[in-house]
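If you read the protein sequences in the order shown, they are chains D and U.
Every number in our numbering is 100 more than the matching position in the first sequence, counting from 1.
Every number in our numbering is 100 more than the matching position in the second sequence, counting from 1.
The C-beta atom is built at its ideal place from N, Cα and C for all residues, glycine as well.
So the structure is just underneath, and the comments pick up after that.
Protein chains: 2
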Amino acid sequence: MRHALALAEKVMFTTTPNPRVGCVIVKDERVIGEGATQPPGGPHAEVVALRDAESRGESVAGATVYVTLEPCNHFGRTPPCVNALLAAMPARVVVAMGDPNPLVNGHGLARLRAAGITVDTGVCLDEALALNVGFVARMHRGSPWVWMKLASSLDGRSALHNGKSQWITGEAARADGHVWRARSCAVLTGIGTVLADDPQMNVRHVATPRQPRKIVVDAQLLLPETARLLDDTPTWIFTARTDAAKAARLADRNVQVIELPDGRGKVDLPAMFRWLGENDINEVHVEAGEKLNGSLLREDCIDELLSYLAPVLLGDAAGVARLPVLESLDDVRRFAFTDVMAVGQDVRLRARVDENWLALREAVSLLG
Amino acid sequence: MRHALALAEKVMFTTTPNPRVGCVIVKDERVIGEGATQPPGGPHAEVVALRDAESRGESVAGATVYVTLEPCNHFGRTPPCVNALLAAMPARVVVAMGDPNPLVNGHGLARLRAAGITVDTGVCLDEALALNVGFVARMHRGSPWVWMKLASSLDGRSALHNGKSQWITGEAARADGHVWRARSCAVLTGIGTVLADDPQMNVRHVATPRQPRKIVVDAQLLLPETARLLDDTPTWIFTARTDAAKAARLADRNVQVIELPDGRGKVDLPAMFRWLGENDINEVHVEAGEKLNGSLLREDCIDELLSYLAPVLLGDAAGVARLPVLESLDDVRRFAFTDVMAVGQDVRLRARVDENWLALREAVSLLG
Numbered sequence: 101m102r103h104a105l106a107l108a109e110k111v112m113f114t115t116t117p118n119p120r121v122g123c124v125i126v127k128d129e130r131v132i133g134e135g136a137t138q139p140p141g142g143p144h145a146e147v148v149a150l151r152d153a154e155s156r157g158e159s160v161a162g163a164t165v166y167v168t169l170e171p172c173n174h175f176g177r178t179p180p181c182v183n184a185l186l187a188a189m190p191a192r193v194v195v196a197m198g199d200p201n202p203l204v205n206g207h208g209l210a211r212l213r214a215a216g217i218t219v220d221t222g223v224c225l226d227e228a229l230a231l232n233v234g235f236v237a238r239m240h241r242g243s244p245w246v247w248m249k250l251a252s253s254l255d256g257r258s259a260l261h262n263g264k265s266q267w268i269t270g271e272a273a274r275a276d277g278h279v280w281r282a283r284s285c286a287v288l289t290g291i292g293t294v295l296a297d298d299p300q301m302n303v304r305h306v307a308t309p310r311q312p313r314k315i316v317v318d319a320q321l322l323l324p325e326t327a328r329l330l331d332d333t334p335t336w337i338f339t340a341r342t343d344a345a346k347a348a349r350l351a352d353r354n355v356q357v358i359e360l361p362d363g364r365g366k367v368d369l370p371a372m373f374r375w376l377g378e379n380d381i382n383e384v385h386v387e388a389g390e391k392l393n394g395s396l397l398r399e400d401c402i403d404e405l406l407s408y409l410a411p412v413l414l415g416d417a418a419g420v421a422r423l424p425v426l427e428s429l430d431d432v433r434r435f436a437f438t439d440v441m442a443v444g445q446d447v448r449l450r451a452r453v454d455e456n457w458l459a460l461r462e463a464v465s466l467l468g
Numbered sequence: 101m102r103h104a105l106a107l108a109e110k111v112m113f114t115t116t117p118n119p120r121v122g123c124v125i126v127k128d129e130r131v132i133g134e135g136a137t138q139p140p141g142g143p144h145a146e147v148v149a150l151r152d153a154e155s156r157g158e159s160v161a162g163a164t165v166y167v168t169l170e171p172c173n174h175f176g177r178t179p180p181c182v183n184a185l186l187a188a189m190p191a192r193v194v195v196a197m198g199d200p201n202p203l204v205n206g207h208g209l210a211r212l213r214a215a216g217i218t219v220d221t222g223v224c225l226d227e228a229l230a231l232n233v234g235f236v237a238r239m240h241r242g243s244p245w246v247w248m249k250l251a252s253s254l255d256g257r258s259a260l261h262n263g264k265s266q267w268i269t270g271e272a273a274r275a276d277g278h279v280w281r282a283r284s285c286a287v288l289t290g291i292g293t294v295l296a297d298d299p300q301m302n303v304r305h306v307a308t309p310r311q312p313r314k315i316v317v318d319a320q321l322l323l324p325e326t327a328r329l330l331d332d333t334p335t336w337i338f339t340a341r342t343d344a345a346k347a348a349r350l351a352d353r354n355v356q357v358i359e360l361p362d363g364r365g366k367v368d369l370p371a372m373f374r375w376l377g378e379n380d381i382n383e384v385h386v387e388a389g390e391k392l393n394g395s396l397l398r399e400d401c402i403d404e405l406l407s408y409l410a411p412v413l414l415g416d417a418a419g420v421a422r423l424p425v426l427e428s429l430d431d432v433r434r435f436a437f438t439d440v441m442a443v444g445q446d447v448r449l450r451a452r453v454d455e456n457w458l459a460l461r462e463a464v465s466l467l468g
């Protein structure tokens with residue numbers, strides 16, 4: 101299963117909106133076939149692995165198939181993988197986690213068992229979920245998994261008072277941040293950051309065959325039509341204001357303007373994430389300023405923090421998230437650290453909302 | 101040598117102002133004696149190990165002696181360890197680092213070599229220095245090694261605006277913090293923290309046979325005579341103000357008031373650390389508020405940060421260190437991360453001023 105997970109890791113940047121899946125077929129203690137999900141429209145991992153075995157002249161009959169996600173059981177752009185497996189008749193199928201798609205969940209495995217194939221589940225469940233947490237979130241709760249990237253000093257300062265911020269964390273941290281951009285379906289920022297920094301919002305420090313979509317939260321539709329982010333990558337602007345002329349001009353540049361007012365002059369952020377879920381967005385990478393960060397946290401839109409800290413103290417300077425003054429720590433949203441590591445001269449801390457993770461974990465925990 | 105380091109670790113809380121030293125004697129691939137430095141006035145590690153070998157009926161002649169610090173060569177409260185080694189005549193002595201004491205540095209090893217004993221140096225140098233960084237700092241530069249403990253949210257907030265701070269980090273982090281208090285020679289805070297929190301400033305969450313000294317920076321000598329920290333543990337109050345009557349009353353409670361004005365109404369902080377070095381203080385654990393922290397950082401008195409971060413974001417709240425507004429990141433004192441780990445639900449980051457560490461490392465790097 102670890103090998104299957106590693107195969108899925110390799111297609112991290114390319115399968116969206118489909119899940120990243122790896123499959124390894126083992127017979128007589130030899131790998132006779134392996135594969136990972138191809139870009140949308142292409143074959144799924146199981147079919148790639150079955151074809152690989154075939155091309156090697158190996159028979160899958162009696163073999164064990166390891167797959168990181170329950171094989172699909174419905175016709176999408178490709179025929180169901182369960183059918184392909186039933187045709188090959190392995191002795192055993194080992195599945196890391198269930199497919200949260202209600203069309204699939206458990207049904208595929210039931211058909212395999214009915215055909216006499218042994219099915220085992222739950223192997224490396226957490227690793228498999230981490231690989232497709234966004235896909236599972238979209239299927240299960242209808243909205244993407246959202247992480248917020250922060251880069252700051254050890255005392256949480258993101259920029260000097262004069263706005264000089266670009267180099268608080270080092271090159272390795274920036275490159276690592278681009279890995280997270282590259283795996284996401286969309287990179288989201290606020291109009292404040294666009295006006296202040298004119299970011300490109302694309303993946304540059306790592307190689308990727310696919311650029312994520314761009315999203316700007318821009319309540320007043322202030323986006324300058326000269327912004328560097330306007331480079332023909334599909335872009336969504338969420339706004340609370342109607343300006344048909346500007347929207348039409350932006351449409352010519354592959355930009356769609358979506359009006360989602362919250363009735364108080366701002367964008368309805370929870371509605372925005374539901375809209376993104378409906379539009380096939382699995383994972384959102386937020387890289388914004390302290391104002392939008394604060395709003396997203398207050399509205400409970402963030403599942404995970406991806407925090408890079410530089411070994412400096414800055415004292416009086418801009419923070420990472422503007423939040424209301426609290427009277428008690430009981431009112432604080434608590435995250436749970438999951439991963440702590442050095443990245444170049446900086447450190448990276450990941451922390452998630454455990455209840456959000458556990459709800460998804462439960463959704464894909466197949467009762468063996 | 102690792103075993104010798106582990107023996108020295110076990111006396112972490114008890115040898116001050118002497119260094120923590122471990123010694124292991126090996127012959128024919130068997131440990132025939134081992135020991136660590138006893139509390140001040142008691143025997144040093146080498147003598148404990150030699151006596152251990154003797155009590156086991158083993159002869160050290162021809163053996164290899166591993167010791168984490170160069171054996172002493174001068175009469176202090178105990179006779180020189182070099183003499184004891186020359187009497188036992190091992191074939192080889194392996195030393196992790198030199199003794200920065202100018203009375204010793206290299207001379208002890210020269211005497212061993214002159215007697216025909218093979219001497220190897222520099223094994224596990226960094227680990228050995230970490231164990232006695234304060235002793236080396238005091239010997240080499242005349243002032244203690246100073247670390248600053250910080251406990252904050254992921255965005256560097258140490259307390260809510262209403263002062264509610266006590267539980268930002270969890271129990272495990274607090275207990276770990278007490279391990280650092282316990283190894284220090286002195287715990288230092290500011291009068292602001294005393295007035296706000298009335299801390300006890302002692303070691304409670306770990307067992308220790310020795311309480312560190314207490315130090316309060318109190319420019320105006322405002323210390324309430326009812327403060328909980330006044331519990332007969334030797335305490336130093338550094339002040340810029342003369343008040344002989346209050347000083348006399350405090351003297352009855354094991355408190356010494358030291359006047360070190362900087363001429364601007366504050367305590368001369370660099371002079372304070374030199375004074376501490378002259379008074380046998382190897383390691384200082386700073387646990388103070390953002391005002392004193394800021395002053396200590398501005399005056400370049402801090403060698404290391406010991407930062408505990410809780411997985412929460414607090415936004416608008418008190419910081420960990422009040423620092424002047426910077427115009428450029430080039431003006432920032434850079435630390436270097438050395439150690440990142442989870443501690444209960446929190447994480448602990450250690451970062452040091454690399455040039456300070458390297459200066460000490462050079463001082464104890466014996467040229468073999």
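Quiz item: What residues from chain U crowd round D:Ala421, counting only those whose CB sits closer than 7 Å?
Solution: The sequence position of residue 421 of chain D within the first sequence is 321, counting from 1. Within chain U, the residues Asp255, Leu413 and Gly415 have their CB atoms less than 7 Å from the CB of D:Ala421, given in chain order.
Quiz item: D:Asp226 by DSSP, collapsed to three states: which one?
Solution: Position 126 of the first sequence holds residue 226 of chain D. Residue state, collapsed to three classes: helix.
Self-check item: Residue span of the beta strand (DSSP E) that contains D:Phe235, given as start and end
Solution: Taking the first residue of the first sequence as 1, we reach residue 235 of chain D at position 135. Premise fails: D:Phe235 lies in the alpha helix (DSSP H), Val233 to Arg241, not in any beta strand (DSSP E).
Quiz item: Just the Cα atoms here: how many angstroms apart are D:Ala421 and D:Tyr408?
Solution: Numbered from 1 along the first sequence, position 321 holds the residue referred to as residue 421 of chain D. Numbered from 1 along the first sequence, position 308 holds the residue referred to as residue 408 of chain D. Looking at the backbone, the Cα of D:Ala421 and that of D:Tyr408 are separated by about 14 Å.
Self-check item: Exposure label - U:Arg314; buried when at least 16 CB within 10 Å
Solution: Indexing the second sequence from 1 puts residue 314 of chain U at position 214. It should be pointed out that residue 314 of chain U corresponds to Lys in this sequence rather than to Arg. Per the 10 Å Cβ criterion, buried.
Exercise. Could you run through the segment 272-300 of chain U and flag, in chain order, every residue whose CB is less than 9 Å away from some CB of chain D?
Key: Residues passing the 9 Å Cβ filter: none.
Self-check item: Coarse secondary structure for D:Asp318, derived from DSSP in three states
Solution: On the first sequence, residue 318 of chain D is found 218 positions in, with the first residue counted as 1. In this structure, D:Asp318 counts as coil in the three-state DSSP scheme.
Self-check item: Buried or exposed by the 16-neighbour rule on C-beta atoms within 10 Å, applied to D:Pro424
Solution: Residue mapping note: residue 424 of chain D aligns to position 324 of the first sequence, counting from 1. By the neighbour-count rule (16 or more Cβ atoms within 10 Å), D:Pro424 is not buried but exposed.
Quiz item: Is U:Glu146 near U:Leu105, with beta carbons less than 8 Å apart?
Solution: Taking the second sequence and counting its residues from 1, the one referred to as residue 146 of chain U is at position 46. Taking the second sequence and counting its residues from 1, the one referred to as residue 105 of chain U is at position 5. Not in contact: U:Glu146 and U:Leu105 (Cβ atoms no closer than 8 Å).
Quiz prompt | Positions along the segment 428-458 of chain U whose CB lies within less than 8 Å of some CB in chain D | solution = Cβ contacts with chain D: Ser428, Leu429, Val432, Arg433, Arg434, Phe435, Ala436, Phe437, Val440, Met441, Ala442, Gln445, Asp446, Val447, Leu449 and Ala451.
Quiz item: What does D:Trp267 touch in chain U if you count any residue whose Cβ is under 7 Å from its own?
Solution: Along the first sequence, read from residue 1 onward, the residue named residue 267 of chain D stands at position 167. By Cβ distance, chain U contributes Leu429.
Practice problem: Using a Cβ cut-off of 8 Å (strictly closer), state whether U:Gly394 contacts chain D. | Solution: The residue labelled residue 394 of chain U in the question sits at position 294 within the second sequence. For U:Gly394, the answer is yes, since a Cβ of chain D falls inside 8 Å of its Cβ.
Quiz item: By Cβ distance below 6 Å, which residues in the same chain neighbour U:Arg238 in space, the five residues on each side in sequence not counted?
Solution: As a first step, residue 238 of chain U is located in the second sequence; it is residue number 138 there, counting from the start. Excluding sequence neighbours, U:Arg238 sits near Pro244, Gly377 and Asn382.
Quiz item: For D:Glu399 and chain U, any beta-carbon pair shorter than 8 Å?
Solution: Here residue 399 of chain D refers to the residue found at position 299 when the first sequence is read from its first residue. Taking CB atoms only, D:Glu399 has no neighbour in chain U less than 8 Å away.
Quiz prompt | D:Leu250: first and last residue of the uninterrupted beta strand (DSSP E) it sits in | solution = Indexing the first sequence from 1 puts residue 250 of chain D at position 150. It spans Trp245 to Ser253 - the beta strand (DSSP E) in which D:Leu250 sits, taken as one unbroken run.
Quiz item: Quick one: does D:Leu406 have its CB under 8 Å from some CB of chain U?
Solution: The residue you call residue 406 of chain D lines up with position 306 of the first sequence. D:Leu406 does not count as touching chain U.
Quiz item: Below 8 Å between beta carbons: does that hold for D:Val121 and D:Thr178?
Solution: Taking the first residue of the first sequence as 1, we reach residue 121 of chain D at position 21. Taking the first residue of the first sequence as 1, we reach residue 178 of chain D at position 78. No; because the gap between Cβ atoms is not below 8 Å, this pair is not in contact.
Quiz item: Helix, strand or coil for U:Ser428 per DSSP?
Solution: Translated into the one-based positions of the second sequence, residue 428 of chain U becomes position 328. Shown here, U:Ser428 sits in coil according to DSSP, grouped into three states, outside any helix or strand.
Quiz item: In chain order, what residues of the same chain lie with their CB nearer than 7 Å to the CB of U:Thr116, ignoring the 5 residues before and after it?
Solution: Stepping through the second sequence from its first residue, residue 116 of chain U is reached at position 16. These residues qualify, in order along the chain: Cys285 and Asn382.
Quiz item: Start and end of the alpha helix (DSSP H) containing U:Ile291?
Solution: Taking the second sequence and counting its residues from 1, the one referred to as residue 291 of chain U is at position 191. Looking at the DSSP string, the run of the alpha helix (DSSP H) that includes U:Ile291 is Ile291 to Asp297.
Practice problem: Compare the C-beta of D:Asn382 with all C-beta atoms of chain B and state if any pair is closer than 8 Å. | Solution: No chain B is present in this structure, whose protein chains are D and U.
Quiz item: Where do the N-terminal and C-terminal ends of the beta strand (DSSP E) with D:Val410 fall, by residue?
Solution: Here residue 410 of chain D corresponds to residue number 310 of the first sequence, with the count starting at 1. Inspection of the sequence shows that residue 410 of chain D is occupied by Ala rather than by Val. Taken as a continuous stretch (DSSP letters only), the beta strand (DSSP E) holding D:Ala410 covers Glu404 to Ala410.
Practice problem: Please classify D:His278: does DSSP put it in a helix, a strand, or coil? | Solution: Start at 1 with the first residue of the first sequence, and residue 278 of chain D comes out as number 178. Note: D:His278 maps to helix in three-state DSSP.
Quiz prompt | For U:Arg433 and D:Leu413, the rounded distance between their alpha carbons | solution = By 1-based counting over the first sequence, the position of residue 413 of chain D is 313. By 1-based counting over the second sequence, the position of residue 433 of chain U is 333. Computed Cα separation, rounded: 8 Å.
Quiz prompt | Every unbroken beta strand (DSSP E) inside the segment 348-411 of chain U [3 residues or more] | solution = DSSP assignment within the segment 348-411 of chain U yields the following whole beta strand (DSSP E) runs of 3 residues or more, N-terminal first: 355-359, 383-386 and 404-410.
Quiz item: Per DSSP, what kind of secondary structure is U:Cys172 in: helix, strand or coil?
Solution: As a working mapping, residue 172 of chain U is identified with position 72 in the second sequence. DSSP, reduced to helix, strand and coil, places U:Cys172 outside both helices and strands of the structure shown, so it counts as coil.
Exercise. For U:Arg130, name the three-state secondary structure that DSSP assigns.
Key: Mapped onto the second sequence, residue 130 of chain U falls at position 30. Strand, per DSSP.
Quiz item: Would you say D:Ser252 and D:Glu390 are within 8 Å of each other, going by their C-beta atoms?
Solution: Here residue 252 of chain D is taken as the residue at index 152 of the first sequence, counted from 1. Here residue 390 of chain D is taken as the residue at index 290 of the first sequence, counted from 1. Cβ atoms of D:Ser252 and D:Glu390: not closer than 8 Å.
Exercise. Just confirm the distance between the C-beta atoms of U:Val148 and U:Ala163, as a whole number of angstroms; I'd bet it's less than 8 Å.
Key: As a working mapping, residue 148 of chain U is identified with position 48 in the second sequence. As a working mapping, residue 163 of chain U is identified with position 63 in the second sequence. Taking a contact as a CB-CB distance under 8 Å, the pair U:Val148 and U:Ala163 does not count as one, their CB atoms being some 15 Å apart.
Self-check item: 8 Å Cβ cutoff, U:Arg120 in contact with chain D
Solution: For the purposes of this step, residue 120 of chain U is taken as residue 20 along the second sequence, with counting starting at 1. For U:Arg120, no Cβ of chain D is located within less than 8 Å of the residue's own Cβ.
Practice problem: Leaving out five residues on either side along the sequence, give the residues of the same chain with a beta carbon under 6 Å from the beta carbon of D:Gly468. | Solution: Here residue 468 of chain D corresponds to residue number 368 of the first sequence, with the count starting at 1. Because D:Gly468 sits at a pLDDT of 45, beneath the cut-off of 50, its placement in the model cannot be relied upon, and the point is left open.
Self-check item: Three-state class that DSSP yields for U:Asp332 in the structure shown
Solution: Here the question's residue 332 of chain U lines up with position 232 in the second sequence. In the structure shown, U:Asp332 sits in coil (DSSP, three-state: anything other than H, G, I, E or B).
Quiz item: alpha helix (DSSP H) containing U:Val195: first to last residue?
Solution: Working through the second sequence from its first residue, we reach residue 195 of chain U at position 95. No alpha helix (DSSP H) holds U:Val195; the beta strand (DSSP E) holding it covers Arg192 to Val195.
Quiz item: Going by alpha carbons, who is nearest to D:Val182 out of D:Gly363, D:His207, D:Glu271 and D:Asn173?
Solution: If you number the first sequence from 1, residue 182 of chain D lands on position 82. For D:Val182, the nearest C-alpha among the options comes from D:Asn173.
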